[in-house]
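Quick note on numbering: the sequence shown equals residues 109 to 316 in the numbering used here. Using N, Cα and C, we set each Cβ at its ideal position, and we do this for glycine too. Below is one structure, written out as structure tokens; comments come after it.
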Amino acid sequence: MLDALGRVLSKEFPNPERIGCPSRDLLKALAARQLSLTEAEPWMDHFAQCTPCFRDYSELRRLVERRQKLSYLGIAALVIMACGVLWVWHAHRQGVITAHNYIVADMRNRLTLRGDQGPGNGPLVFQRGFDDVSFYLPEGSKASNYDVAIFHEEPTEPLVSTMGAATMENDKTIIKVTLDLSRIARGDYLVGIRLPGTDWSYYPVVLK
Ligand SMILES: [Zn+2]
Numbered sequence: 109m110l111d112a113l114g115r116v117l118s119k120e121f122p123n124p125e126r127i128g129c130p131s132r133d134l135l136k137a138l139a140a141r142q143l144s145l146t147e148a149e150p151w152m153d154h155f156a157q158c159t160p161c162f163r164d165y166s167e168l169r170r171l172v173e174r175r176q177k178l179s180y181l182g183i184a185a186l187v188i189m190a191c192g193v194l195w196v197w198h199a200h201r202q203g204v205i206t207a208h209n210y211i212v213a214d215m216r217n218r219l220t221l222r223g224d225q226g227p228g229n230g231p232l233v234f235q236r237g238f239d240d241v242s243f244y245l246p247e248g249s250k251a252s253n254y255d256v257a258i259f260h261e262e263p264t265e266p267l268v269s270t271m272g273a274a275t276m277e278n279d280k281t282i283i284k285v286t287l288d289l290s291r292i293a294r295g296d297y298l299v300g301i302r303l304p305g306t307d308w309s310y311y312p313v314v315l316k
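Next up, the structure:
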């Protein structure tokens, strides 16, 4: 019915002088339904008798509706994106272990992969999570800064690396470092220790 009315109105009431027509701004406000019904009603009567206004109003109404539809689509897209981000965050978080572990790694008489000394006593065992590790360095090690890192295999870029200052305590040279092993999968790795600028000494470590 509205369509039929529209077809009739769009031809039947030409008003080339635009007598009694609202301003463009007022027309826009009407199309956006920013006026009260009482304010709008006289204009609706006018539109029913003025073809140019009826056309302009219909056009503006279409624009307003399209804009509304787009903003609903935009909101829907945002909601979907937010769900996606949450899902990824959740999935990622499940692979991250946040346990805090305290580990003593006695490196004295431990076999290095350089294969030079000591009987060795099996690989070190670290736990996934944040490991506060106290390394007891081999006898004769200097009290100095050391690089400590975890490697997948030798020689590659470390997966995790940090630095610690070794101190002498009761004849032992000890470095205390925190290793972030929260994102590393279980498995066999190497822990490397070196004085900065020198070669790494690698020791097998199992991450549980
Ligand atoms: Zn008019």
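Annotation: residue 243 to residue 272 spans about 10 Å, alpha carbon to alpha carbon.
Counting only the Cα atoms, residue 190 lies some 44 Å from residue 283. Residue 277 sits in a strand when the DSSP states are folded into three classes. The C-beta of residue 276 has fewer than 16 other C-beta atoms within 10 Å across all chains shown, which makes the residue exposed. Measuring C-alpha to C-alpha distances from residue 270 to each of 264, 254, 261, 280 identifies 254 as the nearest.
In the structure shown, the three-state DSSP call for residue 143 is coil.
Assignment of beta-bridge partners to residue 284 by DSSP yields 242.
The chain-ordered list of residues whose CB is nearer than 5 Å to some heavy atom of ligand 1 reads 129, 158, 161. A straight line joining the alpha-carbon of residue 143 with that of residue 135 spans about 10 Å.
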